[in-house]
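For reference, the structure is listed below as structure tokens.
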Ligand code: GLA
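In the working numbering, the protein residues as written are 1 to 730.
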């Protein structure tokens, strides 16, 4: 998988279909020679410089490059501030004498089987020894003694390369790290386009695609979490790349805090892409002997278009990032009471809702927000997590027992990163909040009634682990929805000295990851669902602890077509929670057929978000059928391969297909109906040409090659009309 070619002086990292080559120039500089489709050997790298410019550095003594034109096309593997290379660096630090120059020189390397954990951070893992191989390259700045380890892991069968960087202060003086990226990647040539996912609350992950032109662009989050605004994911593709064909270079960070991906294209047709922690408001003090570990970046290259790219991410995130007992298990169909009751419920109401859900075939009931504190008196006590006895006289234990006695699992909502000023916790520990003494404290969170606990403090983390553990031990709870609804603003910690205040956003994430690790390890049987005002922190970092995520607070089926389609760019269906909600929809007032609400939700982790007692008898019978159908297809949807056949972003339909060994599931939805609609044709993908597939409803048996070449025809006859087509491989 990885070897060092002594003759050519380069490292060659190989996966099944990709190659990544790093050359060593003058025994000192690391240069990124190639990343792309697999090659056998990289030869003659000085002459074969990937840059097609007459002023290229090829063959020159790099130290004689006197003019910017000589260096701004050099693909330095890990570029640092303080050299004639004046593009955006991956690393920037300031030393005690005020200088900010870093000049890392190559020292040596190590190649080993498997992969090590990243201290304190979520990361990919191996399951067998031959899953992956790792290359560590050692660098050192001779003046300051700062050392760096660049790590690369090749997951051969997955076609994934992961990268991370660790630095160690090997000198005697203090170092202030101002920027430290996880990865730098280069693309050579023009005609590249950038695809990224932007959004907002309730409309997460819209696909944006635009030309990469010379200059700089960045995709980032400054919210404290990875945000609704920009997911830590980008894909750069040749302009002719589409869903099924063409070269795509993509990456995502295994991180849930402030992130940044910088894309800088120069007139020499070299595109540098740095990705990692956001340097916005960031400074990290590294004392002598201390080290700093960056998050991991997952790199994917494919020439099978965006569909090929997504399938690689899905398989990898599902089985080499996500962990736990529920990773490979089909998940329970749940009903969550949030939109059914909001804060207005008591035990009887919950029992009534849960009973009806059970009759319909639902498997788990989730009690959402409003079960704690004293909501009628407006004392809404985040942090204390004491049950509201006015609503639940027998506590969580009582209601959990009643629900489990019905034969349903019981799940509970928490927002453990929040604290209310009314809480006993706040009175006892006013210094546990994120704030700066004497400064305004904005209530930047849903409903405005909560503030952010300071997870950079060990005492806060210990308190949360203990409080949650006590609740989890007190009742039969088999699912947790871990919510977070606050942006990190006016940042300050009473637990950090002045010179470390700008470490808070990252220290917060380290604290959160530590809490999540402790809770998920102590309660391994629980199914964990993440949430951040919907999909505000839905990233590969969180998928290391949570098996699924509440994709968006928008439950309208039509808006969800876009949200789920965009999310599927890098996150698998097994991670995407999707529920059937009441009509008119609570977020946008839209009325859609029950069947469409169910069909759209069935392309993720299926559930309900309303009281099924409100359904007519006829709709209740239909709902029972939907639940039976989901039980039949959920394995294929969650663990099969996704083929996106029609995009709502550029057509009047959304059509997605999931293929497993046993079944093929196609969900098609019309956005707007048309009078005398033109028919549209859907050719299935990923089937075996010679296998037979039986349509479960019509019982017609098709050959795989028929479905893939002749396809199926449909009409856009009515607004929001949809269909779930299931084929059994026979
Ligand atoms: C967030 C979540 C919702 C719900 C509410 C409760 O907005 O995304 O699903 O849990 O909080 O306050």
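Positions of the beta carbon are idealized from the N, C-alpha and C atoms, including for glycine.
Using DSSP with H/G/I as helix, E/B as strand and the rest coil, what is residue i?
i	result
residue 260	strand
residue 710	coil
residue 515	helix
residue 293	strand
residue 269	coil
residue 23	strand
residue 145	coil
residue 644	strand
residue 543	helix
residue 607	strand
residue 451	strand
residue 550	strand
residue 637	helix
residue 562	helix
residue 579	strand
residue 571	coil
residue 340	helix
residue 42	coil
residue 557	helix
residue 280	coil
residue 239	coil
residue 671	coil
residue 433	strand
residue 618	helix
residue 309	helix
residue 628	helix
Expressed to the nearest angstrom, what Euclidean distance is found between the alpha-carbon atoms of residue i and residue j?
i	j	result
residue 197	residue 108	38 Å
residue 165	residue 361	49 Å
residue 291	residue 168	4 Å
residue 481	residue 394	21 Å
residue 658	residue 572	11 Å
residue 731	residue 339	Here the chain covers residues 1 to 730 and nothing more, so residue 731 does not appear.
residue 489	residue 183	27 Å
residue 351	residue 206	38 Å
residue 600	residue 661	22 Å
residue 498	residue 506	16 Å
residue 326	residue 527	6 Å
residue 309	residue 298	12 Å
residue 185	residue 726	41 Å
residue 690	residue 704	6 Å
residue 348	residue 701	50 Å
residue 788	residue 369	Outside the modelled stretch of the chain, which goes from 1 to 730, sits residue 788, for which no answer is possible.
residue 235	residue 177	28 Å
residue 175	residue 94	6 Å
residue 632	residue 536	31 Å
residue 204	residue 257	17 Å
residue 430	residue 521	30 Å
residue 20	residue 466	45 Å
residue 219	residue 261	5 Å
residue 565	residue 648	8 Å
residue 730	residue 580	31 Å
Starting from the Cα of residue i, find the closest Cα among the options and give me that residue.
i	options	result
residue 710	605, 234 and 680	680
residue 652	559, 638 and 632	559
residue 720	683, 655 and 696	655
residue 428	384, 675 and 457	384
residue 269	102, 75 and 467	75
residue 545	563, 512, 533 and 534	512
residue 634	143, 536, 598 and 647	598
residue 617	563, 356 and 423	356
residue 626	311, 158 and 603	603
Look at the Cβ atom of residue i, then the Cβ atom of residue j, and state whether they are nearer than 9 Å.
i	j	result
residue 317	residue 569	no
residue 567	residue 555	no
residue 540	residue 232	yes
residue 249	residue 265	no
residue 471	residue 452	no
residue 78	residue 146	no
residue 609	residue 335	yes
residue 323	residue 158	no
residue 484	residue 417	yes
(message) Extract the residue ranges of the beta strand (DSSP E) inside the region 465-502, only unbroken runs of 3 or more that lie entirely within it.
(response) 479-482
(message) To test your reading of the DSSP string, which unbroken beta strand (DSSP E) runs of 3 or more residues are found completely within the region 366-422?
(response) 409-414
(request) Jot down the residue ranges of each uninterrupted beta strand (DSSP E) in the region 161-226, minimum 3 residues, whole runs only, in chain order. (result) 175-188, 192-198, 206-211 and 215-220
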